[in-house]
Amino acid sequence: MALHRDTQREIAAAVELLRAGQLVAFPTETVYGLGANADDPKAVRKIFALKGRPVTHPVIVHVLGAESFQRWARDAPLEAQQLAEAFWPGPLTLVMRRGPAVHDAVTGGQDTVALRAPSHPVARQLLTAFGSGIAAPSANRFGHVSPTRAEHVIEEFGDKVKLVLDGGECQIGLESTIVSCVGSTPRLLRPGSITLSQLRAVTPSILTGPDPDAPRAPGTIPRHYSPDTPVSLVPSRRLVDAMREFTDREEKVAVLAQRPPSTANRFMTWINAGSRPAQYAHNLYANLRTLDKAGAKVILAEEVPDGEQWDAARDRLKRAASRERALRYDGELAALPAGADDEGDLP
Ligand code: TXA
Ligand code: MG
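Numbering of the sequence shown is given in the working numbering, commencing with residue 30 and proceeding in unit increments.
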């Protein structure tokens, strides 16, 4: 099949670039990654330069499976083995003590490393052909909306990335669930499509919530996943009033809702993202990108329901809305206090 041949050729070209110390963007089932040879610190540093990401923020090493623990981790605890067995390949990242040969450029100088075995066939072909670990954060500018289509990567970086492997739309659409297996008890660091109860069905002891001793996970800093247009989270029952505040003043407003609009208005761009969490997550970043282009003053995002199926989407929305110049709707629109914007390291 021609398509197959082309993919093979592109994979071969990607491997060549990786070996030459260049960056390659590739699809995963969560979001697109911006990859470099994890054994080449100079190449890994190019990721940080291109993304505008502080060098202390570690990147995930993508691998084929748990046999890679030997190479990249040390003292991998039983829980990590169990979780990998249950969820790999798939949207789970495991943080462990790093192996002696892992570069500081990858770990941000920390004593831990994050490993993930993606399930996307193109990512797996690339990893197989490359034969070693690929360090990759999401392929977006730092703090920006993650890419779920090859075109999004090009929107982010133009021709600064030499090769984008096109694997179509990412199936899940939100970044992997991250679990730290460092320390006495495993802990959920970032919610993703694998829920806490799914994790606990395998490893009942997993904790959640902030841990003062936890390794830094800069994806968990407040301002992240943000479009350029300010995002404001609005409770369901106030959505229409909040929208009207703008349209009444003949100001453009964008709305990300879970239902259709009740009226049409030329100052309003409304996306009905639906009420099913998996579909909502799948489309979230593409929807934010679309609404960002509406030329609106603000994107009003309807709050998502309670329940762990919505945890990952709720987390990303909250971070997208958390920025200095974001507007907050609570009866009136008010600027958030200065200092709410924090792209730096966690304390
Ligand atoms: O789904 C995903 O995880 C995607 C795809 C491309 O695999 N990758 C991704 O990478 O979301 P990134 O860099 O955008 O987010 C990875 C998060 C960051 O918050 C990073 O700080 C954290 O993982 N991380 C990486 N290494 C870590 C470590 N050793 N300890 C704690 N957190 C770590
Ligand atoms: Mg990211």
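Cβ atoms here follow ideal geometry from the backbone N, Cα and C, with glycine treated the same way.
Relative to the ligand MG, is the shortest distance from any of its heavy atoms to the C-beta of residue i smaller than 7 Å?
i, result
"S255", "no"
"P166", "yes"
"S265", "no"
"E184", "no"
"S175", "yes"
"E204", "yes"
What three-state label does DSSP hand residue i in the structure shown?
i, result
"R38", "helix"
"E108", "helix"
"A330", "strand"
"W117", "coil"
"I76", "helix"
"A130", "coil"
"N301", "strand"
"N316", "helix"
"S213", "coil"
"A136", "For the record, residue 136 in the displayed sequence is Thr; it is not Ala. It is helical."
"S255", "strand"
"A325", "coil"
"R354", "For R354, the pLDDT reaches just 36, beneath the cut-off of 50, and the residue's location in the model is therefore unreliable, although a value from the coordinates is still provided. Looking at R354 - three-state DSSP - the assignment turns out to be coil, as it is neither helix nor strand."
"R103", "coil"
"R219", "strand"
"V88", "coil"
"P376", "Reliability fails at P376, whose pLDDT of 23 lies under 50, so the model's placement of it is uncertain and the value that follows must be treated cautiously. Looking at P376 - three-state DSSP - the assignment turns out to be coil, as it is neither helix nor strand."
"N294", "coil"
Heavy atom of the ligand TXA less than 7 Å from the Cβ of residue i, yes or no?
i, result
"Q111", "no"
"T57", "yes"
"Q308", "no"
"E198", "no"
"G172", "no"
"H86", "yes"
"H149", "no"
"G62", "yes"
"Q287", "no"
"L225", "no"
"Q139", "yes"
"I235", "no"
"T136", "yes"
"I163", "no"
"H181", "no"
"H91", "yes"
"L156", "no"
"L218", "yes"
"P70", "no"
"A143", "yes"
"V124", "yes"
"P83", "no"
"I207", "yes"
"P118", "no"
Quick one: give me the first and last residue of the alpha helix (DSSP H) that residue i is part of.
i, result
"S234", "Where S234 is concerned, there is no enclosing alpha helix (DSSP H), given that its DSSP letter is neither H nor E."
"A377", "Outside the displayed range of the chain (30 to 376) lies residue 377, so it cannot be described from this structure."
"L268", "268-277"
Considering residue i, what are the terminal residues of the beta strand (DSSP E) in which it resides?
i, result
"L262", "260-263"
"F55", "53-55"
"L93", "Run containing L93: none; DSSP gives neither H nor E here."
"G62", "62-66"
"A283", "282-286"
Looking at the C-beta of residue i, does it have a partner C-beta in chain B at a distance below 8 Å?
i, result
"D68", "The structure shown contains no chain B; it holds only a single protein chain."
Handout entry: Minimum length 4: unbroken alpha helix (DSSP H) runs contained in the segment 142-209
Key = With a minimum length of 4 residues, the continuous alpha helix (DSSP H) runs that stay inside the segment 142-209 are 150-159, 179-186.
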